[in-house]
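Here is the structure we will look at, set down as structure tokens.
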Amino acid sequence: MLGTFVAMDLFLCLALGTNMLLRTENTLAKTVEIVSEYGLPGDRSDLWEDVNGYRIERILRNPEGFIVPEGFHLFLPDATQSGARSYRFDAAAGLPYLERAEHLVFDYEFISGSQTYRIETAMGASVTMLKQVLTALLVLQGFLLLGSVFSGAQLIRKNLQPIVALAETARTLNMAGSDFDIEKMEDLAVKLNSINAAKLDTRISVDETESELQGLAAAINSMLDRINDSYRSQIRFVSDASHELRTPISVIEGYANLLDRWGKNDEKTLEESIQAIKEEAANMKGLVEQLLFLARGDSNTMHLQPETFDLSDLARDVLRETQMIDSGHDFTSSIQNVSIHADKGLIKQALRILIDNAIKYSNAGGLITLSVSEKKDTVSLTVQDEGIGIPPEAVSHVFDRFYRADESRAKSTGGTGLGLSIARWIAERHGGHMEVLSRQDVGTRVSIVIPKAGAPLEPGKEGTPS
2 MLGTFVAMDL
12 FLCLALGTNM
22 LLRTENTLAK
32 TVEIVSEYGL
42 PGDRSDLWED
52 VNGYRIERIL
62 RNPEGFIVPE
72 GFHLFLPDAT
82 QSGARSYRFD
92 AAAGLPYLER
102 AEHLVFDYEF
112 ISGSQTYRIE
122 TAMGASVTML
132 KQVLTALLVL
142 QGFLLLGSVF
152 SGAQLIRKNL
162 QPIVALAETA
172 RTLNMAGSDF
182 DIEKMEDLAV
192 KLNSINAAKL
202 DTRISVDETE
212 SELQGLAAAI
222 NSMLDRINDS
232 YRSQIRFVSD
242 ASHELRTPIS
252 VIEGYANLLD
262 RWGKNDEKTL
272 EESIQAIKEE
282 AANMKGLVEQ
292 LLFLARGDSN
302 TMHLQPETFD
312 LSDLARDVLR
322 ETQMIDSGHD
332 FTSSIQNVSI
342 HADKGLIKQA
352 LRILIDNAIK
362 YSNAGGLITL
372 SVSEKKDTVS
382 LTVQDEGIGI
392 PPEAVSHVFD
402 RFYRADESRA
412 KSTGGTGLGL
422 SIARWIAERH
432 GGHMEVLSRQ
442 DVGTRVSIVI
452 PKAGAPLEPG
462 KEGTPS
């Protein structure tokens, strides 16, 4: 995580610094054009109302400073391509560097006609803003790092408690004088003590262990496998989440740069950039909300608010809402009147996920069927489509987080690969499960199966009917 934060900070510094320089160059270009045409400001004060923060003077020498090579002129406005640039600190030399940075001045010298001009630009406000942003970011990252260290340490200590107890038991047996071989017992204790958070891949050799202890060693290895799988699953989830967030952030950054460069003068570019940024921001907001939902579910901090309600009424409401916003598909229903005891908001969210998936993976004009049915002890909430279907080898993975059976279609429809994971969590939290039946080019049927009403969930006992 530290490496990710460092890379992100460097990237942010580069992006903000570049943006600050480009903004300065664009405003400077306007000032240069006015000075070239009218000279130093006089009575024409209306020409200078947009150049606050600049000091303009005539100098009696040639321009001094760094001249941008011709190959980089395409990144600069036409009016400022040939001038000389320099930076200096307009403050006492004895000040600390960070304080001197707040007095940074950018000088641009150029020749217009027979006169040489210098435009001084105060960069202090921009530098101060950059410092404040980075300081806030570093503080936030520090808290996140400390939180991850403490939570990780607590999780590892909790997971290793059974192993520590087993090692202690082994030492107790050794001290008490067991019938087991003393050297074998001591060897097992040493192996157990050598296992820590950095060595979760370590395993006890069952074949080399005393026969009476082989069952114990196998159980320890099995437990270590589960701990290691859980740990790697968390690492993979964080990595996948970072990857998914990187794309919309990059798109937003690209359009922001496009907007900064050409959007002021090109109305089409302005509208296109704003629309794209809004769409990507909405996609990112949806992804973050889904990630937070799963994170709260994994940490058991989300509690159900069960109530008894008619599932058929909820299904009809969701179907009616869907028909209002989607006229590109045909909808039909087969709904039995049945009541359940569950969290109404979560069941509605799960149903919307199933219908949304059916819409995304069905061609225009396709038929989508919503049904509610009951058996002896369960209720099934089913959505069936006549879409592209799921390949047989992908059916077992559709509930995996970030998994998409059709990547190209998911990108075009804005899918995140988290919807069915959330729906399954909701079903399991209510003591139910999910069922999927699909054939390619025929369609897909996905069902949420949960217990019927009559056995209410006790507070704090979500997922287990009482």
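What the sequence shown shows, in our numbering, is residues 2 to 467, in sequence order.
All C-beta atoms, glycine included, are put in the ideal place defined by N, C-alpha and C.
The structure presented is a predicted model; accordingly, all values stated were derived computationally and were not measured.
Check your understanding: Among all the DSSP beta bridges, which residues are the ones paired with isoleucine 112?
Key -> In the sequence shown, residue 112 corresponds to position 111, counting from 1. Beta-bridge pairing links isoleucine 112 to Thr117.
**Study point:** Span separating the alpha-carbon of alanine 102 from that of methionine 224
**Key:** For this step, residue 102 is matched to residue 101 along the sequence shown. For this step, residue 224 is matched to residue 223 along the sequence shown. Spanning the two alpha carbons is a distance of roughly 56 Å.
Review point. What are the uninterrupted segments assigned as alpha helix (DSSP H) that are 4 or more residues long and contained completely in the stretch 347–402, given in chain order?
Key: none
Check your understanding: What did DSSP end up calling threonine 136 once you bin it into helix, strand or coil?
Key -> Here residue 136 refers to the residue found at position 135 when the sequence shown is read from its first residue. Helix.
Check your understanding: Candidates Tyr109, Lys361, Ile354 and Ile451: which alpha carbon is nearest leucine 419's?
Key -> Numbered from its first residue, the sequence shown carries residue 419 at position 418. Among Tyr109, Lys361, Ile354 and Ile451, the Cα nearest to that of leucine 419 is on Ile354.
Review point. Is DSSP giving proline 307 helix, strand or coil here?
Key: Numbered from its first residue, the sequence shown carries residue 307 at position 306. Proline 307: coil per DSSP, three-state reduction.
**Study point:** Reference serine 115, options Asp344, Arg158, Gly40 and Met130, closest by Cα
**Key:** Mapped onto the sequence shown, residue 115 falls at position 114. Minimum Cα distance to serine 115 is reached at Gly40.
Point to revise | Cα-Cα separation, asparagine 160 to alanine 154 | key: Reading the sequence shown from its first residue, position 159 is the one you call residue 160. Reading the sequence shown from its first residue, position 153 is the one you call residue 154. Asparagine 160 and alanine 154: Cα-Cα distance of roughly 10 Å.
Review point. Expressed to the nearest angstrom, what Euclidean distance is found between the alpha-carbon atoms of serine 87 and glutamate 58?
Key: Position 86 of the sequence shown, counting from 1, holds the residue named residue 87. Position 57 of the sequence shown, counting from 1, holds the residue named residue 58. Approximately 16 Å, taken between the alpha carbons.
Exercise for review: Please go through the same chain and pick out, in chain order, the residues whose beta-carbon is closer than 6 Å to the beta-carbon of glutamate 50, but skip the five residues on each side of it.
Suggested key: Counting from 1 along the sequence shown, the entry for residue 50 is found at position 49. Only weak support exists for where glutamate 50 lies, its pLDDT of 44 falling under 50; the value from the coordinates is given anyway. Cβ neighbours of glutamate 50 beyond the five flanking positions: none.
Practice item. Classify glycine 432 as helix, strand or coil using the three-state DSSP reduction. Key: In the sequence shown, the residue the question calls residue 432 occupies position 431. Coil at glycine 432, not helix or strand.
Check your understanding: Less than 8 Å separating the beta-carbons of histidine 342 and proline 393?
Key -> Numbered from its first residue, the sequence shown carries residue 342 at position 341. Numbered from its first residue, the sequence shown carries residue 393 at position 392. Not a contact, by the Cβ cut-off of 8 Å.
**Study point:** Nearest candidate by alpha-carbon position, reference aspartate 311, set Gln324, Ile336 and Ser328
**Key:** On the sequence shown, residue 311 is found 310 positions in, with the first residue counted as 1. For the residues Gln324, Ile336 and Ser328, the minimum Cα distance to aspartate 311 belongs to Ile336.
Exercise for review: Compute the beta-carbon to beta-carbon distance between serine 83 and phenylalanine 111, rounded to the nearest angstrom, for a pair I have assumed lies under 8 Å.
Suggested key: Taking the sequence shown and counting its residues from 1, one reaches residue 83 at position 82. Taking the sequence shown and counting its residues from 1, one reaches residue 111 at position 110. The Cβ separation is near 7 Å, so the contact holds.
Point to revise | From Asp357, Val150, Leu22 and Ala30, residue whose alpha carbon lies closest to that of alanine 126 | key: The count along the sequence shown starts at 1 and reaches residue 126 at position 125. Minimum Cα distance to alanine 126 is reached at Leu22.
Review point. Can you give the beta carbon distance from glutamine 142 to phenylalanine 6, rounded, assuming they're within the 8 Å contact cut?
Key: The sequence position of residue 142 within the sequence shown is 141, counting from 1. The sequence position of residue 6 within the sequence shown is 5, counting from 1. Contact holds; Cβ gap of about 5 Å.
Practice item. Give the range of the alpha helix (DSSP H) segment to which glutamate 322 is assigned. Key: The sequence position of residue 322 within the sequence shown is 321, counting from 1. Unbroken alpha helix (DSSP H) run through glutamate 322: 312–326.
Exercise for review: Spell out the partners DSSP gives aspartate 331 in its beta bridges.
Suggested key: Here residue 331 refers to the residue found at position 330 of the sequence shown. Its beta-bridge partners are Leu368.
Point to revise | Assumed close pair isoleucine 356, threonine 323 - CB separation to whole angstroms, cut-off 8 Å | key: What you label residue 356 is simply residue 355 of the sequence shown in a count that begins at 1. What you label residue 323 is simply residue 322 of the sequence shown in a count that begins at 1. With a Cβ gap of about 5 Å, isoleucine 356 and threonine 323 count as contacting.
Exercise for review: Pull up the distance between the alpha-carbon of threonine 19 and that of tyrosine 256, whole angstroms please.
Suggested key: As a first step, residue 19 is located in the sequence shown; it is residue number 18 there, counting from the start. As a first step, residue 256 is located in the sequence shown; it is residue number 255 there, counting from the start. Spanning the two alpha carbons is a distance of roughly 15 Å.
**Study point:** Reference leucine 271; option with closest CA among Arg317, Ala365, Ala283 and Asn258
**Key:** Position 270 of the sequence shown holds residue 271. When only C-alpha atoms are compared, the closest one is Asn258.
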